[in-house]
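Taken in sequence, the protein lines are chains A and B.
Under UniProt numbering, residues 1 to 390 are what the first sequence spells out, in order.
Under UniProt numbering, residues 1 to 390 are what the second sequence spells out, in order.
Yeah, the Cβ is synthetic: ideal placement off N, Cα and C, and Gly gets one too.
Nothing here was measured: the structure is a model prediction, and the numbers come from that model.
Notes follow the structure.
There are 2 protein chains.
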Amino acid sequence: MRDVAIIGSYTTKFGEMWERSFRDIVVEAGVGALEDAGVGGESIDSMFVGNMSGGQFVEQEHIGALIADYSGLAAGLHVPSTRVEAACASGGLAFRQGIQSVASGYNDIVVAAGVEKMTDVSSVGASSALAAAADREWEGMMGATFPGLYAMIARMHMQQYGTTSEQLAQVAVKNHKNGTNNPIAQYRNNITVDKVLNSIMVADPLHIFDCSPITDGAAALVLAPAEEAHKYTDTPIYVKGSGQASDTIALHDRRDITTLDASVYAAKRAYEMAGIGPDDIDVAEVHDCFTIAEICAIEDLGFVKKGQGGRFVEDGNTAIGGKIPVNTSGGLKACGHPVGATGIKQAAEIVNQLRGEAGKRQVEGAKIGLAHNVGGSGATALVHILGRER
Amino acid sequence: MRDVAIIGSYTTKFGEMWERSFRDIVVEAGVGALEDAGVGGESIDSMFVGNMSGGQFVEQEHIGALIADYSGLAAGLHVPSTRVEAACASGGLAFRQGIQSVASGYNDIVVAAGVEKMTDVSSVGASSALAAAADREWEGMMGATFPGLYAMIARMHMQQYGTTSEQLAQVAVKNHKNGTNNPIAQYRNNITVDKVLNSIMVADPLHIFDCSPITDGAAALVLAPAEEAHKYTDTPIYVKGSGQASDTIALHDRRDITTLDASVYAAKRAYEMAGIGPDDIDVAEVHDCFTIAEICAIEDLGFVKKGQGGRFVEDGNTAIGGKIPVNTSGGLKACGHPVGATGIKQAAEIVNQLRGEAGKRQVEGAKIGLAHNVGGSGATALVHILGRER
């Protein structure tokens, strides 16, 4: 099994891009990542693309071939291109498949990308399309949407551990603050706890500022065998660990709805592969589709004990300069959440941090970072650990 | 890179299963394959599932986790489960990802499955959902459906090479004949050339008996490192070659619409990896979504020179007992074509043949077989070469 490195990275602007198409944005990401790596299309052995629901959002499946075609890699080069899907964890999954494909020796240079165009949705609404990430027969058909499912998690966390609406709001406030310094973020404005608490209620206790938005965007990484990475870049970033885990698709079947066991197991597997623990992580991007999800994540990843996440955030431990800076990119809350792209964008932000290229949101001296991507209410989770040193 | 073997295989009955759900049929396939391999769920390191469009057909994405859950592999075991998609080549793609995952050393025992439930389609029609495998913006929105696209290929093949409607019909007649001996086939009745030619026209020159049907079904394989395969079975089947290639998503952008370059390149890569050529293949399952597709396939795979496929079929070379028996299972035409399952079912039929377990449709002494799976009108193709000996 070969070690793998990231040699190129690019994220498009995230936002509502009415003037651009699905294929436009993913090509921008792919070309951007290749330029960053300094490699041409003829060097690419394979592509992996994370996309949750081209079928529902833009009535287009067969996303892998489409993207190879529009990137100039199909006719002539006939580069294999594979779409993977695990709802909002589709990007993280594309990253993992790309890593395995290089590790296996099947491929050397691989593009791992993610894309979602959510604002063009036609025959179904975005909430209905997203509900396909939950259990359609036992949740969606009963009227459950994702804000409703995460609201139940939040309510239970409050009841069991005393977590407060103010603590949830602090997650959004921090992520918006980080987003002000991220040029690709959908929202670059500061907000206050009062603003969150006085915003409209979506699903009690989650206000609209507790929710990540509907977003268009794409991101791409270029991967290479670690032993060859220095041929392409002076700052390769190494994949130290990769973990994936599943859990029940329906929330009501879980052992404990405030713990995402898929996150716990994906993290355990990634930490074991990297030979490190949570205390060794300098910076993390976690899956804050709702504010409560970030609190669960920092607990499930081992940064803080179960139940103490709310207080941990309130005390500033997850801010830049704190004990473990979380979502320096602005997270899903401020960057936006184009579901298939998010997992790649998270890894790309860790690359920015480990390269020392994160500008005003740089975590000084960051050597090891973690990216955590969740599908649905936690039926899939991916954890990747990246390092500046091999 | 480790060699990989197939140690278990199972295909559900294919057909219109109004009384069964998406999750029912895929669980039957997974459990069946595990029983065939004699391994329990606790041995599974990872799952890969091919599915074209759960989102459009049953309003369900996040298929990997769903299947892990309903197979009893999510809660407790937390087995990673990944859905892959390349339209009608999704099954072949799941097989390839499974192979790479074992080859990489990330996993030892892996399930590669495929599933589609096409008869429950609600908000969109099946043809419209399937059209998402083509270029939605330049084909689907102009009214092109798959029968129309393949009719253009057929018309061009007739014009350039003199291929006849009778030769197309011979493909369907042969595949129905093979299907009569396959217990899982949707259609188990013999038909005649006259019956095909007098059946209703779908898209000139393709009659309804030139078209594969709408089908529900699932199939699964269990993979293991080749060096450990004999621990599980006396008849492991070895993966000798795996090739994947892309082409333009729209038919009108191709160099020559009668040649599927993706098939040509996928085959070239698989033959090179296996160190053999087309003459070494004893039995093949090819992607006959329409009769013309089988004629293009046997040409593109190198069994016969370009343009001579029609005559080659007419002369009986592709029948059981002929030079190169093609689609002994009955193919997509008689087995049916649950799009995400087809690629796995094809490999499962080659496993049947190489194990000598194909009953009345057995190709005597078959040692090396080939499975060929196409997405859309040829934007993705996968070719796998399997062998009885390592």
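Report the three-state DSSP secondary structure of residue i (helix, strand or coil).
i                      : result
residue 285 of chain B : strand
residue 70 of chain A  : helix
residue 244 of chain B : strand
residue 278 of chain A : helix
residue 113 of chain A : strand
residue 265 of chain A : helix
residue 14 of chain A  : coil
residue 121 of chain A : coil
residue 78 of chain A  : coil
residue 385 of chain B : strand
residue 207 of chain B : strand
residue 324 of chain B : coil
residue 201 of chain B : strand
residue 237 of chain B : strand
residue 291 of chain A : helix
Buried or exposed for residue i, going by 16 or more other Cβ atoms inside 10 Å?
i                      : result
residue 392 of chain B : The shown model of chain B, from 1 to 390, leaves out residue 392 of chain B, and the question about it has no answer.
residue 160 of chain B : exposed
residue 360 of chain B : exposed
residue 364 of chain A : exposed
residue 330 of chain B : buried
residue 141 of chain B : exposed
residue 369 of chain B : buried
residue 198 of chain A : exposed
residue 107 of chain A : buried
residue 305 of chain B : exposed
residue 216 of chain A : buried
residue 178 of chain A : buried
residue 147 of chain A : buried
Hey, would you say residue i sits closer than 9 Å to residue j, going by beta carbons?
i                      : j                      : result
residue 219 of chain A : residue 383 of chain A : no
residue 2 of chain A   : residue 274 of chain A : no
residue 349 of chain A : residue 341 of chain A : no
residue 210 of chain A : residue 169 of chain A : yes
residue 133 of chain A : residue 87 of chain A  : yes
residue 346 of chain B : residue 91 of chain B  : yes
residue 371 of chain A : residue 282 of chain A : no
residue 260 of chain A : residue 300 of chain A : yes
residue 61 of chain A  : residue 85 of chain B  : yes
residue 103 of chain B : residue 104 of chain A : yes
residue 23 of chain A  : residue 235 of chain A : no
residue 251 of chain A : residue 377 of chain A : yes
residue 56 of chain A  : residue 101 of chain A : no
residue 10 of chain A  : residue 31 of chain A  : yes
residue 262 of chain A : residue 242 of chain A : no
residue 75 of chain B  : residue 96 of chain A  : no
residue 8 of chain A   : residue 233 of chain A : yes
residue 356 of chain B : residue 89 of chain B  : no
residue 320 of chain A : residue 309 of chain A : no
How close, in whole Å, do the beta carbons of residue i and residue j come, if the pair is a contact with beta carbons under 8 Å?
i                      : j                      : result
residue 26 of chain B  : residue 47 of chain B  : Residue 26 of chain B to residue 47 of chain B, Cβ: 10 Å. No contact.
residue 44 of chain B  : residue 73 of chain B  : 6 Å
residue 353 of chain B : residue 328 of chain B : 6 Å
residue 186 of chain A : residue 336 of chain A : 3 Å
residue 338 of chain B : residue 302 of chain B : So it is not a contact: roughly 28 Å between Cβ atoms.
residue 202 of chain B : residue 37 of chain B  : That pair is no contact at about 40 Å.
residue 257 of chain B : residue 156 of chain B : 5 Å
Name the two residues that bound the continuous beta strand (DSSP E) containing residue i.
i                      : result
residue 83 of chain B  : 81–85
residue 372 of chain A : 368–375
residue 11 of chain B  : 4–11
residue 304 of chain B : Neither: residue 304 of chain B is in no beta strand (DSSP E) and is coded neither H nor E.
residue 48 of chain B  : 46–50
residue 219 of chain B : 217–225
Specify, as a first and last residue, the run of the alpha helix (DSSP H) that residue i falls within.
i                      : result
residue 342 of chain A : 339–355
residue 147 of chain B : 146–161
residue 168 of chain A : 165–179
residue 404 of chain A : Only positions 1 to 390 of chain A appear in this structure, which leaves residue 404 of chain A out of reach.
residue 59 of chain A  : Looking at the DSSP string, residue 59 of chain A is not in any alpha helix (DSSP H), and its letter there is neither H nor E.
residue 360 of chain B : From DSSP, residue 360 of chain B is part of no alpha helix (DSSP H); its letter is neither H nor E.
residue 332 of chain A : 331–335
residue 314 of chain B : 309–314
residue 97 of chain B  : 90–103
residue 130 of chain A : 126–130
In the region 7–20 of chain B, which residues sit with their C-beta less than 7 Å from some C-beta in chain C, listed in chain order? In the structure shown, chain C does not exist; the protein chains are A and B.
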